[in-house]
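Undergrad: In the numbering used here, the protein residues as written are 556 to 684.
Quick one: structure below, then a few questions.
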Amino acid sequence: MRYVVWVDAWQMQCCGEPFAVGDRVGWTLRDLPRGRVLDDVVGPEVAARLTHAEEHHGGVAEDAPVVHGTVRAIRAAHATFVRESHWVPGELRTVRSADGTDDVPGLAFNGYVVDLDVEAPLPEAPGPA
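Structure below.
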């Protein structure tokens, strides 16, 4: 099964582990924050394809499962900040590896869109009773 995962630039820059296409990774994933910010940063079409966000700074249960999988593609997401709380998507650049330093002159680096082939999907959240 393929997940399309958002990896925040700030998380990679703080203490993320570099990864590359073909690497096997183990990530804690969380539900994706939907809304204008991601739509603005990567564009609504790309944002709609995102399935999860990688998280290692909180916001998930301590016993949250680690998802293991193989990285199949990485795209660095860049945007332009034009006014208070408003981003304009700039570009998604295909890269072979990710270490949090994918700067492009004139654009802000925001994170990575990662295609991850998972070995076992996350369990479905229980529905309403």
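We treat Cβ as the ideally placed atom computed from N, Cα and C, and that holds for glycine.
Could you have a look at R648 and say whether DSSP puts it in helix, strand or coil?
TA: Taking the sequence shown and counting its residues from 1, the one referred to as residue 648 is at position 93. Three-state result, R648: strand.
Undergrad: Taking Cβ to Cβ, would you say A634 is nearer than 8 Å to V621?
TA: By 1-based counting over the sequence shown, the position of residue 634 is 79. By 1-based counting over the sequence shown, the position of residue 621 is 66. In this structure, V621 does not lie closer than 8 Å to A634 by Cβ.
Undergrad: Hey, how far is the Cα of V668 from the Cα of V562?
TA: Against the sequence shown, residue 668 aligns to sequence position 113. Against the sequence shown, residue 562 aligns to sequence position 7. When rounded, the distance between both Cα atoms is 7 Å.
Undergrad: Measure how close the beta-carbons of R630 and L647 come, nearest whole angstrom, since I'm counting them as under 8 Å.
TA: Walking along the sequence shown from the start, residue 630 turns up at place 75. Walking along the sequence shown from the start, residue 647 turns up at place 92. Contact holds; Cβ gap of about 4 Å.
Undergrad: Is it right to say H607 is buried, meaning 16 or more other beta carbons lie within 10 angstroms of its own, or is it exposed?
TA: For this step, residue 607 is matched to residue 52 along the sequence shown. That one is buried.
Undergrad: Which residues in the same chain have their Cβ closer than 6 Å to the Cβ of M567, if we skip the five residues on either side of it in sequence?
TA: To locate residue 567, count along the sequence shown from 1; it is residue 12. Taken in chain order, the residues that qualify are G655.
Undergrad: Quick one: what's got a C-beta closer than 7 Å to M556's C-beta in the same chain, skipping five residues either side?
TA: By 1-based counting over the sequence shown, the position of residue 556 is 1. Correct list, in chain order: V673 and P676.
Undergrad: Which whole-angstrom value describes the C-beta separation of L584 and E610, a residue pair presumed to lie in contact below a C-beta threshold of 8 Å?
TA: Numbered from 1 along the sequence shown, position 29 holds the residue referred to as residue 584. Numbered from 1 along the sequence shown, position 55 holds the residue referred to as residue 610. About 7 Å; that satisfies the 8 Å criterion.
Undergrad: Can you give the beta carbon distance from V580 to V626, rounded, assuming they're within the 8 Å contact cut?
TA: By 1-based counting over the sequence shown, the position of residue 580 is 25. By 1-based counting over the sequence shown, the position of residue 626 is 71. Confirmed, Cβ separation roughly 6 Å.
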